[in-house]
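Chains as they are written, first to last, in the working numbering: chain A, 359 to 575; chain B, 359 to 575. Note that CB positions come from ideal geometry on N, CA and C, so glycine has one too. What follows is a short report on a single structure.
There are 2 protein chains.
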Amino acid sequence: MNTINVGIADDHLLFREGIRLILDRDPQVQLILEASNGQELIDAIEQGNQPDVVLVDLKMPVKDGMETTRELKANFPEIKILILTMMDQDDYILHLLDIGANGYLLKNSDAQVVVKAIHNVAQNGFYFSDQVSQVMLAGLKRKRKTPPALTGDTRLTEREREVLELICKEYTTADMAEKLFVSERTIETHRKNLMEKLGAKNTAGIVYRAMKEGVLE
Amino acid sequence: MNTINVGIADDHLLFREGIRLILDRDPQVQLILEASNGQELIDAIEQGNQPDVVLVDLKMPVKDGMETTRELKANFPEIKILILTMMDQDDYILHLLDIGANGYLLKNSDAQVVVKAIHNVAQNGFYFSDQVSQVMLAGLKRKRKTPPALTGDTRLTEREREVLELICKEYTTADMAEKLFVSERTIETHRKNLMEKLGAKNTAGIVYRAMKEGVLE
DNA sequence: GGAAAAATCAGGGAAAACCCGTAGAAGTTT
DNA sequence: AAACTTCTACGGGTTTTCCCTGATTTTTCC
């Protein structure tokens, strides 16, 4: 197994020292790059000093973790990024994962977790603690569901839901009729009712509204 | 610590037996309910036989895992649901997590993983393997993917995106042509290209895929 | 400054969706 | 028993999308 070259960007020297001590105990991990802010890290990397994994603090002077992550991912997509932070603010997690961070480490994680995260990121390209997974799930739900149902009754019947799902699978009326053993007329009626219930004007609208309302899961 | 009462719905007797043997080795876990499909499981639960955690196979006769999850979450939200499946199709994972599944277990997981998942779900309300986390992340990452996409180029041009949005707003070809000051032919071409790029067979498919891929917010 | 990508336009025809209204059968609720 | 819901189904249209085979003009990029 190869050595994992690691870089770190954090404005607290003491914290960097701590990390160094932790990583020194793992012969497979080599801390090759230290920077006190994101710009320093990027500069060093651009001069050819390229690590496999970087630990990036979120809150740093000059260039913060967010901006650093964005730039690194744009120019060195192969470098894995582990975000280090004290806060476990949900928004940040989602945002950072979205711009390409490969993992997220709370600063109060214990030593083994840090090492494990580095290995995991190097091998699998990501690391998520249970904590982060939970936030991700919450994020998924938030993104997919619209709180208030402005339109009237969006509760669909079983059959309607079935037709809806087939519509999404790009079945035509004839296809659906065959699949569900009913006449095309029946499918047409269901589609018409779907349009009414969802307030859509055409099939594309059915799909759009169903997905936005979270009717489709 | 309390006993965790577990139920299982799977149409393969042998598989259920295997699970029983695995769970028997953990004194804290008690398998109190076996069903060969989702309907059976729900019936038993409605008769007062309520477990803390249920393992639900995705593919089952009578009532499949998807429908079962939906119903259980609607009527017994406190029961934790672990989806069991052989396929690790991304679609399903997101889908199920979204409708309330608390975890997702591949059937080829080893025994310890199953036990661990049950404990985790009972305690923390969720269980995610690395595999699932990865898929969740993919679900979060909408738009901006890696530049060279093997899976067909889903990067849309400005104009295509514009047309896509109008399609969602239920504009017809004629409406769009008027709005964008171009001929209907042009709109048709854009729609055709959208179908190609998104791999859709019709307009409904364009919307569905665009939303699923995160091309559309 | 040439190639590639994007945007524009077209005819003709087949297929599918959409619009009216209507309505019976079966099951559930009140 | 009447009312309601759901699923089913029809006729006879109009409108829209989809398919095929083209094409010309920008804009963008190396």
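- Contacts with chain A at 8 angstroms (Cβ-Cβ) do not include Y462/B.
- The criterion of a C-beta distance shorter than 8 angstroms is satisfied by V364/A and I390/A.
- Contacts with chain B at 8 angstroms (Cβ-Cβ) include E528/A.
- Along the stretch 404 to 445 of chain A, the beta strand (DSSP E) occurs as fully enclosed runs of 3 or more residues at 411 to 415 and 438 to 443, listed in sequence order.
- Along the length of the stretch 375 to 404 of chain B, whole beta strand (DSSP E) runs at least 3 residues long occupy 387 to 393, reported in chain order.
- Cβ atoms of D415/A and D369/A come within 8 angstroms of each other, at about 7 angstroms.
- 8 angstroms or more divides the Cβ of A532/A from the Cβ of E520/A.
- One finds A562 in chain B with Cβ atoms closer than 7 angstroms to the Cβ of I525/A, taken in chain order.
- Straight across, the Cα-Cα distance linking Q386/A with A480/A is about 11 angstroms.
- Neighbours of K559/A across chain B, judged by C-beta separation under 8 angstroms: E528.
- Note on geometry: alpha-carbon atoms of A469/B and Q405/B lie some 30 angstroms from one another.
- When only Cα atoms are considered, L522/A and A558/B end up about 16 angstroms apart.
- Between L430/A and I441/A, the CB-CB gap reaches or exceeds 8 angstroms.
- Counting of Cβ neighbours within 10 angstroms places K550/A among the exposed residues, the total staying below 16.
- In this structure, K474/A is the residue among K474/A, T427/A and G423/A with its C-alpha nearest to the C-alpha of I380/A.
- In the displayed model, N551/B falls within a helix according to three-state DSSP.
- Neighbourhood of V471/A in chain B, by CB distance below 8 angstroms: empty, with the nearest CB roughly 14 angstroms away.
- The three-state secondary structure of Y566/A, taken from DSSP, is helix.
- From the listed residues L463/B, S467/B and S394/B, the smallest Cα separation to L371/B is found for S394/B.
- Residue nearest to E546/A within the set G563/A, V565/A, E518/A and M569/A is E518/A (criterion: CA-CA distance).
- Residue environment analysis places M569/A among the buried positions, since at least 16 neighbouring C-beta atoms fall within 10 angstroms of its C-beta.
- Pairing G458/A with T427/A gives a Cβ-Cβ distance under 8 angstroms.
- Taking a 10 Å sphere around the C-beta of R383/B, we find fewer than 16 other C-beta atoms and assign the residue as exposed.
- For N363/A, the enclosing beta strand (DSSP E) covers residues I362 to A367.
- DSSP, reduced to helix, strand and coil, places L522/B within a helical segment of the structure shown.
- For V565/B, the C-beta contacts it makes with chain A under 7 angstroms involve A562, V565 and Y566, in order along the chain.
- Residues are counted here when their Cβ sits less than 7 angstroms from a Cβ of chain B; for the stretch 534 to 554 of chain A the count is zero.
- For M444/B, no Cβ of chain A is located within less than 8 angstroms of the residue's own Cβ.
- Look at M424/A: its C-beta is not under 8 angstroms from any C-beta on chain B.
- Distances from the alpha-carbon of C526/B to those of T544/B, G563/B and E516/B put G563/B closest.
- Residue environment analysis places G423/A among the buried positions, since at least 16 neighbouring C-beta atoms fall within 10 angstroms of its C-beta.
- Under the DSSP definition of a beta bridge, G461/B partners with L440/B and Y485/B.
- Scanning chain A for C-beta atoms nearer than 9 angstroms to the C-beta of M418/B yields nothing, as the closest lies near 17 angstroms away.
- When the Cα atoms are used, R567/B and R513/B turn out to be separated by approximately 13 angstroms.
- One Cα belongs to L399/B, the other to Q408/B, and the distance between them is close to 10 angstroms.
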